[in-house]
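Worksheet: the structure to be examined is printed underneath.
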């Protein structure tokens, strides 16, 4: 699987985050760009995109009505800020290709195991700060990233994203990490510098990077009329 790209949404529209506030994206004519229009343009050049729902991630109010309006949701990955097994099930029913859950929202490892049984298309976004996994479960926080990735493989997750929030800069393009993993059924993508992501012996499994919307090929018409978001605002609770 090649690199993947991310688009953030807030109150129904694609956004960037500036000074802790989501701001609509405008095209060259100054019009607010809708999610369907941007996704249509996006898929002309890119196979995979993660839709990151800031209403769900930050406020626990995912925009399910917006999801239902999307054509071919199976073409997209969704991070709706799932906090419960029921949240994961809602995204599965909506038909998304993969469902992404962040470690910051995992209350305990038992719920993680329950969620794994719902779908073979579950991804974990491992929020990593200075080599420590950020989670509400103390057992997970004490676990090495290597051990956690191995556990996800054993539970037959689809893959993982390793987000290094202490070493991530969305103001420049992602690192040129683009590989084919030897295990086709499990993929690992990096968001941040791999030397600080703690993947250790699993580095050979890295299949690509997560690239922010504003650095994606073919989206130059939008890049000139918006500023990149501050990475410190994207993973707040």
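Numbering (the working numbering), first residue to last: 25 to 261.
Positions of the beta carbon are idealized from the N, C-alpha and C atoms, including for glycine.
Distance from the CA atom of residue 128 to the CA atom of residue 74, rounded to whole angstroms, is 18 Å. Your pair residue 230 and residue 212 checks out as a contact, with CB atoms roughly 5 Å apart and the cut at 8 Å. Residue pairing by DSSP places residue 149 opposite 126 and 185 in a beta bridge.
With contacts defined as CB atoms closer than 9 Å, residue 59 and residue 94 qualify as a contacting pair. Runs of alpha helix (DSSP H) with 4 or more residues, each lying fully within the stretch 59-83, are found at 59-66 and 78-83, listed in chain order. Per DSSP, reduced to three states, the secondary structure at residue 46 is strand. Collapsing the DSSP output to three states places residue 231 in a strand. Residue 61 sits exposed, since fewer than 16 C-beta atoms from the chains shown fall within 10 Å of its C-beta. Here the C-alpha atom of residue 53 lies approximately 36 Å from the C-alpha atom of residue 106. In this structure, the CA atom of residue 40 is about 13 Å from the CA atom of residue 79. Remark: C-beta atoms of residue 161 and residue 126 do not approach each other more closely than 9 Å. DSSP places residue 38 in the strand class (E or B) of the three-state scheme. Secondary structure at residue 215: strand, using DSSP grouped into helix, strand and coil. Shown here, residue 236 sits in a strand according to DSSP, grouped into three states.
Listed as beta-bridge partners of residue 85 by DSSP are no residues whatsoever. DSSP places residue 110 within a helical segment (H, G or I) once states are collapsed to three. Using a 10 angstroms sphere on the CB of residue 144, the tally of other CB atoms stays under 16, which defines it as exposed.
The alpha-carbon separation between residue 181 and residue 69 amounts to approximately 27 Å. Within the model, the alpha-carbon separation for residue 42 versus residue 48 is close to 10 Å. In the DSSP assignment, residue 116 forms no beta bridge with any residue.
Between the C-alpha atoms of residue 64 and residue 97 there is a straight-line separation of about 12 Å.
From the listed residues 72, 88, 56 and 33, the smallest Cα separation to residue 27 is found for 72.
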